Amino acid sequence: MSVNPKPTIALTFDVELWSEGAWLKPHITEDMLAHDPFPKSMERVLNALKKYSAHATFFVTLDVTEKYPHILKQIADDGHEIGIHGPRHIRLSEYTPETFKQDCEKQITLIETATDAKVKNNNLGFRAAHFSLDKKTEWILPILKDLGFTYDSSIFPMNMGEYGVADAQLDRYEIIPGLTEIPTSVATIFGFRIPFAGGIYFRFLPLFIFKWFVHSVAKTRTPIIYFHPHELDSSTPQIKSGPYIRRLLKYWNTKNSFKKFEKLLNCYIFDSIKHINHL
Ligand SMILES: [Zn+2]
Numbered sequence: 054m055s056v057n058p059k060p061t062i063a064l065t066f067d068v069e070l071w072s073e074g075a076w077l078k079p080h081i082t083e084d085m086l087a088h089d090p091f092p093k094s095m096e097r098v099l100n101a102l103k104k105y106s107a108h109a110t111f112f113v114t115l116d117v118t119e120k121y122p123h124i125l126k127q128i129a130d131d132g133h134e135i136g137i138h139g140p141r142h143i144r145l146s147e148y149t150p151e152t153f154k155q156d157c158e159k160q161i162t163l164i165e166t167a168t169d170a171k172v173k174n175n176n177l178g179f180r181a182a183h184f185s186l187d188k189k190t191e192w193i194l195p196i197l198k199d200l201g202f203t204y205d206s207s208i209f210p211m212n213m214g215e216y217g218v219a220d221a222q223l224d225r226y227e228i229i230p231g232l233t234e235i236p237t238s239v240a241t242i243f244g245f246r247i248p249f250a251g252g253i254y255f256r257f258l259p260l261f262i263f264k265w266f267v268h269s270v271a272k273t274r275t276p277i278i279y280f281h282p283h284e285l286d287s288s289t290p291q292i293k294s295g296p297y298i299r300r301l302l303k304y305w306n307t308k309n310s311f312k313k314f315e316k317l318l319n320c321y322i323f324d325s326i327k328h329i330n331h332l
């Protein structure tokens with residue numbers, strides 16, 4: 054009997070425009086907005102996934118949905134899963150229950166139209182911007198359930214200061230009756246939780262250490278990792294002013310990130326959250 058040595062990983066993308074960040078906005082110049090690298094970044098990501106027969110979940114913001122419906126169609130036509138990120142790229146605490154529901158309803162309709170109803174409102178996943186779901190913003194959960202979402206993937210299960218829930222479960226669980234939570238992966242070493250599963254952690258860690266974390270998680274549950282199309286594209290404009298540490302974290306090693314991402318694609322079987330979890 055042959056055994057496939059490659060673990061299956063849930064691959065996710067938080068699909069926002071590079072300029073969708075509150076702290077970035079005061080530092081963005083007109084020149085930077087003249088050329089939007091988003092379509093090219095997405096084309097490269099989708100081509101790479103095709104090349105390595107990988108599938109993924111794309112959590113997309115409302116801004117992207119409004120501006121690039123043809124890219125949503127391409128994502129759906131390529132057999133990937135589409136979910137909602139945001140819907141606007143703001144922290145959940147900036148929403149009221151009414152405005153949150155309105156934006157979700159608006160985006161669900163736009164996604165349905167963009168994908169010729171390939172993606173409908175009865176099976177969507179959700180991820181908050183900035184992993185901003187916590188005890189104070191869990192009022193969104195009954196709204197998600199009422200709107201037909203089947204799962205949420207907004208919990209970062211450790212306290213990172215600006216985001217994260219320290220005592221959250223590491224594996225999938227029912228967060229409210231009828232709604233599944235699929236937390237992003239963190240590794241556990243000697244009882245300590247360690248972030249590694251995407252974004253700056255992926256760009257910062259040598260690939261062999263990233264893979265070591267993936268394997269350590271895969272022993273007990275499916276690893277869930279996340280990327281942003283703009284951090285895999287070195288042509289994305291970089292702001293030159295603003296908080297130094299934030300800029301350092303945002304742009305660290307974006308020059309080599311796509312090559313590293315492609316190497317990773319060659320190492321595992323990648324699929325969407327929906328397929329892996331039968332949701
Ligand atoms: Zn985001």
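Numbers in this note's numbering are just positions in the sequence shown, counted from 1, shifted up by 53. Cβ atoms here follow ideal geometry from the backbone N, Cα and C, with glycine treated the same way. Owing to the predicted nature of the structure, the values given are computational and were not obtained by experimental measurement.
When E165, Y105, W192 are compared, the shortest CA-CA separation from I228 is found for W192.
A straight-line Cα-Cα distance of about 20 Å links H283 and K104. Its Cα nearest to that of D199, the residue Q155 stands out among Q155, H331, R256, I135.
An exposed status is given to S146, since fewer than 16 other beta-carbon atoms sit within 10 Å of its beta-carbon. Residue environment: I262 is assigned as exposed (fewer than 16 neighbouring CB atoms within 10 Å of its CB, all protein chains considered).
Judged by beta-carbon spacing, A129 lies within the 8 Å limit of K171, meaning their Cβ atoms are closer than that value. Counting along the chain, H283 sits inside no alpha helix (DSSP H), nor does DSSP assign it H or E at all. Collapsing the DSSP output to three states places P92 in a helix. The DSSP-derived three-state label of H133 is coil. Relative to ligand 1, even the nearest heavy atom lies 7 Å or more away from the CB of E315. Residue nearest to C157 within the set L258, L64, G251, T118 is T118 (criterion: CA-CA distance).
Annotated as distal: H281 and D131, with beta-carbon spacing of 8 Å or more. For L64, DSSP records a beta bridge to I278.
The DSSP assignment places complete alpha helix (DSSP H) segments of no fewer than 4 residues inside the region 74-128 at 83-87, 91-104, 115-120, in order along the chain.
Nearest Cα to F184 within the set A167, N212, L177: N212. Taking the Cα of L102 as reference, the smallest distance to any Cα among N330, H331, D324, H123 is reached at D324. Annotated three-state conformation of E191 is coil, per DSSP. Secondary structure of R144 (DSSP, three-state): coil.
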